[in-house]
Each structure stands twice: as structure tokens, then as C-alpha cells.
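Q:
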Amino acid sequence: MFAQSAFRSRCARWLSAIGILLLLGGCVEEPSTLERVQADGVLRVITRNSPSTYFQDRNGETGFEYELLKRFAKDLDVELQIETADNLDQLFARLGEAKGPVLAAAGLVASDGRQQIARFSKSYLQVTPQIIYRNGQQRPTRPQDLLGKRILVLKGSSHAEQLAALKAEQPELKYEESAEVEVVDLLRMVDEGQIDLTLVDSNELAMNQVYFPNVRVAFDFGDSQSLGWAVAPGEDNSLLEEIDAFFARAQENGSLKRLTERYYGHVDVLGYVGAYTFAKHLQQRLPRYEKHFRQAARVEGVDWRLLAAMGYQESLWQPTATSKTGVRGLMMLTLRTAQAMGVSNRLDPKQSIDGGAKYIVKVKKQLPESIVEPDRTWFALAAYNVGAGHLEDARKLTEGAGLDPNKWLDVQKILPRLAQKQWYSKTRYGYARGGEPVHFVRNIRRYYDILTWVTQPQLEGTQVAESGLHVPGVNKNPPRDQLPPL
């Protein structure tokens, strides 16, 4: 009897303990978003494939938002996982999905409409919405001047919200929204006269205006606005608080300012210089490095003048040149490429030239055998600039257009499409500044032609620099006026 009573007592205690554990288990809170990110070891982010946010170039993944996100993920000690949305509506829809991205970072204005579907961090950048028109057309100066114009903006954008608010005051206003374009497409359409006006943010215009010579700012459309990162709606503020703390640190230590300056502080202009400037550099700079170009060319079996033309396009023959993306040296090698080519010091002109020579030969060998000279050289230069993956994307688009993917004349017509959403969305490697390799190859060919001409046997050695080094025969006399471009 005693044994049964003791057994019943122990069972009661066990059942009571289990009950308490079950009750306690029911009270345990779900982990916060930040805790889940840290537990998973992955920060899942959705963004746009565009020049101001995230894209791939010859250096790999890049873009202002991407670089900022990399720093945030490093602070959290987690891996960064990026996915891109086809349009803004899809971006916000994905943000709310289970097991989807926990953060949207895509140059997003924290507009009133968007704050109904997402929560925003504190601002990391101030931008101004601007009405864009084509040079040569009558310049709008006030909102009323938008009436009767062909206007196109991104679907789901803060600019569409602004125009909708204006239309409530001015019912005659007409505009269209499209999810099939990106900001670069809008600027191109204004530049080419396909539409009269568009509305973009000042930072995106600053980054892209150089590629569209006819684009001008008509007027600022309202006050400056804040860009922020967005998270799904709800009560969980853990990730937002961490983002705000990260932005505060980035402001304090100057890293945000440096990143902003790198992407928006100045614009890379891929243009050729005047004939007189080039002639002056032939006299003053090339003699210092010509022997290195010749030696590297002999070793690698290429024309030294082609290497010299590449060096001029990349750095204007300046061995300490550094681009905003961290590419350095006379041949502007990325750190990864330099290491692969055995270059230990990118600022050493001989090492840089040797590395550039090895790399262009390697790129050339990797091209399909169907591409033959002289096109093979031009394709190699394009791949050197934009990357082999983007070049292959352009070749496939060229073939799809019924043109010859093995002819540079045809492929250079298609390369700029890599900056147009309707085309790059169909490719493997996505957005690229497709116009850049076209300019890159065109400029190098010009410099190469000039070098070939001035280094003909009857001209070589006809002029000698004070240093005693060889100087190609060129006219040292400055022009009366600025010479036209070569």
C-alpha cells in the first residue's frame, strides 16, 4: 500500500513538472528578426539591379547599396545574401513573405504611401526629386508646365506618388508608369526624345548624366527626401534598431561620407582628351614607360603600342592612379587580377604593365575560337573592361537580333542594351554599363592608331626628349584654339 502511494505521489510530481514546463514553453517568445538573422548566419536582402544600387562589373559585385550592405553584414558577422526584384511592387511584396528577405535596400524614399506597407530606418542619404527634360526643348520651370507633356516614371515609385498628388490638383495632367524600365532607361528615353519628361532622384541623375549628353534638369520637384532601408510591417523593431545604430556609427566614423563621395562625389567620364593633351603626354609621360611596354609586349607576344594605348585609356600613363572602385596603377588592375597575374605592387609601373599584358593575353585566349582577328583583339579589350560574362550576354543578344556575335561591329551595337532593363533582365549576369566597353575599345583604337602612325620608322627618333629617352615624333606646338576630339 505504501509503495503504491509513493508511486502515485511521484507520478503526480512528474505530471505537475511536465505541466509547468508546457506552460512555460507556451510563454517563450518567438526569436526576434535580428536574432533569427544572427542564428541563421545570413542577412537576406532584396534590392534593384541598377547602377546606384547593385550590379556586377569587371570587379565583381558593386553598387552603393551593396557596399553599404556589405559593411552592415560584416558588423553583424553574418553572410550577405542578395536577391533582385524585377520591379518595385515585387520588391515590397517579397519583403512580407515568409522565409523571404528581411530587408529591402534599393534607394527607397520613405514616402507616405510606402510607410503604409513597410517600416523605414533613419535616413542615410538625402536626395531631391528632379524633373528631367531634353536640351533644346522648352524648359519647364513649374509644375503647371508639365501639362500636355509625355511623362513616364517607374511604376510603384515615390515619383509616381508625387505625380498622383499633383494630378489631384491638376486633373489635366497625364503621365504613365512602367514596371518594364529602370532609371537608366528613363534618362535614355528623354535623351533620345522618346518621351518629353521624367522624374528621377538627384543621386541617380548625378551617376548617369554623363552618358546622356542631352539630359538636363528642369527644376526640383519638391523638397529633399530621405532614403532609408525598409523592413516588413509589424511590431518587431530589432532589425530596424540595429540598422539605425549602424547608420549612426557610419556617420560618426566617416565611412558613409566616404562611400557617398566614391559613388556620387564625381563622375567617371570615359571620353578621349584633346589631341594636344595627348601629344603632350606622348612627350612627357610615355618615354618613362615605353621600355616597359616594349619588354612586356615581347614576352607576351603582343603589340607594345596596343598595351600603351590601354595604359593611356586606363590611367593617362599615371602609375599612381586610383579609381573610385579601388582599381589601381598604370594599367588599373583590380586586386584580384593583380594577385592572379603575380603583381605584388600595383603602383609599380613595370609590374602593372607586365600584369596588364599577361591579363589581356589570358582574356584573349579564353574567347571562343569562332572570333578571329582583328575582331578578337577588340572583343578581348571589351572583356578586359566589362568582364567576360557580360560580353557573352551581349553576344547572345546579338545573335538573337539576327546579327553576327563574332563581329565586333555587330556586338558593339548591342552592348549598350545591357544597361536597359528590357534586355538585361533576360541575361545571365544582369545589368552592366554596356556603353562603357564600347567607349573603351573605341578610345584605345584611336590611341593605337595614333601611336602606330607616330612610331613609323621614318618618324621614330626624329625628336629627342631632354632625358635622352625615345620620344615619338609629334608636334609640340600648342594649338591656337582647342583642337576637336580625335
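To convert, note that position 383 of the sequence shown is 383 in the UniProt record's numbering; the numbers rise steadily by one, no gaps.
The beta carbon of each residue, even a glycine, is placed where N, CA and C say it ideally should be.
1. Identify the residues that DSSP records as bridge partners of G60: which are they?
2. In three-state DSSP terms, what is A432?
3. So, is L69 buried or exposed, given that buried needs 16 or more other C-beta atoms within 10 angstroms?
4. Could you pull out every residue in the same chain whose Cβ sits closer than 7 angstroms to the Cβ of D236, ignoring the five residues on either side in sequence?
5. So does the segment 192 to 212 actually touch the segment 165 to 174, counting three or more Cβ pairs closer than 8 angstroms?
6. With DSSP as the reference, please indicate the residues paired to R44 in a beta bridge.
7. Where does T198 sit, in a helix, a strand or coil, going by DSSP?
8. Rounded to whole angstroms, what is the Cα-Cα separation between S111 and G136?
9. How would you write the range of the alpha helix (DSSP H) that I353 sits in, first residue to last?
10. Using DSSP's beta-bridge definition, name the partner residues of D220.
11. Can you tell which of D89, V454, D449 and E392 has its C-alpha closest to the C-alpha of G430?
12. From E261 to V454, what does the alpha carbon distance come to, in whole angstroms?
13. On the premise that L187 lies in contact with N208, defined as a C-beta separation below 8 angstroms, what is that separation, rounded to the nearest angstrom?
14. Look up W317 in the DSSP assignment and say whether it is helix, strand or coil.
15. My parser needs the beta strand (DSSP E) runs of 3 or more residues fully inside the segment 84 to 141; what are they?
16. What span of residues does the alpha helix (DSSP H) with A389 cover, start to end?
17. Between G107 and L95, what straight-line distance do the alpha-carbon atoms span, to the nearest angstrom?
18. Out of T427, A250, D220 and K74, state which residue places its alpha-carbon closest to the alpha-carbon of T128.
19. Mind checking which residues open and close the beta strand (DSSP E) that includes L154?
20. Would you kindly work out how many angstroms separate the C-alpha atoms of N403 and Q412, rounded to a whole number?
A: Taking the geometry as given:
1. Counted from its first residue, the sequence shown places residue 60 at position 60. Partner(s): D57.
2. For the purposes of this step, residue 432 is taken as residue 432 along the sequence shown, with counting starting at 1. It is coil, neither helix nor strand.
3. Position 69 of the sequence shown, counted from the first residue, corresponds to residue 69. By the neighbour-count rule (16 or more Cβ atoms within 10 Å), L69 is buried.
4. As a first step, residue 236 must be located in the sequence shown, where it is residue number 236. Counting only Cβ-Cβ distances below 7 angstroms, and skipping sequence neighbours, we find S32 and T33.
5. no
6. Residue 44 sits at position 44 when you count from the first residue of the sequence shown. According to DSSP, which records beta bridges pairwise, R44 is partnered with Q81.
7. For the purposes of this step, residue 198 is identified with residue 198 of the sequence shown, where counting begins at 1. T198: strand per DSSP, three-state reduction.
8. For the purposes of this step, residue 111 is taken as the residue at position 111 of the sequence shown. For the purposes of this step, residue 136 is taken as the residue at position 136 of the sequence shown. The alpha-carbon atoms of S111 and G136 are separated by roughly 33 angstroms.
9. As a working mapping, residue 353 is identified with position 353 in the sequence shown. P349 to Q366 is the span of the alpha helix (DSSP H), which, as asked, contains I353.
10. Against the sequence shown, residue 220 aligns to sequence position 220. Paired residue(s): Q130.
11. The residue labelled residue 430 in the question sits at position 430 within the sequence shown. When each option's Cα is compared against that of G430, the closest is E392.
12. Working through the sequence shown from its first residue, we reach residue 261 at position 261. Working through the sequence shown from its first residue, we reach residue 454 at position 454. One C-alpha to the other measures close to 39 angstroms.
13. In the sequence shown, the residue the question calls residue 208 occupies position 208. In the sequence shown, the residue the question calls residue 187 occupies position 187. N208 to L187, Cβ: 6 angstroms. Contact.
14. For the purposes of this step, residue 317 is identified with residue 317 of the sequence shown, where counting begins at 1. Note: W317 maps to coil in three-state DSSP.
15. 103 to 109, 125 to 127 and 129 to 134
16. Here residue 389 refers to the residue found at position 389 of the sequence shown. The sequence as given places Gly at residue 389; Ala does not occur at that position. Element bounds for G389: A388 to G400.
17. As a working mapping, residue 107 is identified with position 107 in the sequence shown. As a working mapping, residue 95 is identified with position 95 in the sequence shown. Cα-Cα distance, rounded: 15 angstroms.
18. Numbered from 1 along the sequence shown, position 128 holds the residue referred to as residue 128. Among T427, A250, D220 and K74, the Cα nearest to that of T128 is on D220.
19. Along the sequence shown, one-based indexing puts residue 154 at 154. Unbroken beta strand (DSSP E) run through L154: L152 to L154.
20. Mapped onto the sequence shown, residue 403 falls at position 403. Mapped onto the sequence shown, residue 412 falls at position 412. The sequence given here places Leu at residue 403; Asn does not occur at that position. When rounded, the distance between both Cα atoms is 11 angstroms.
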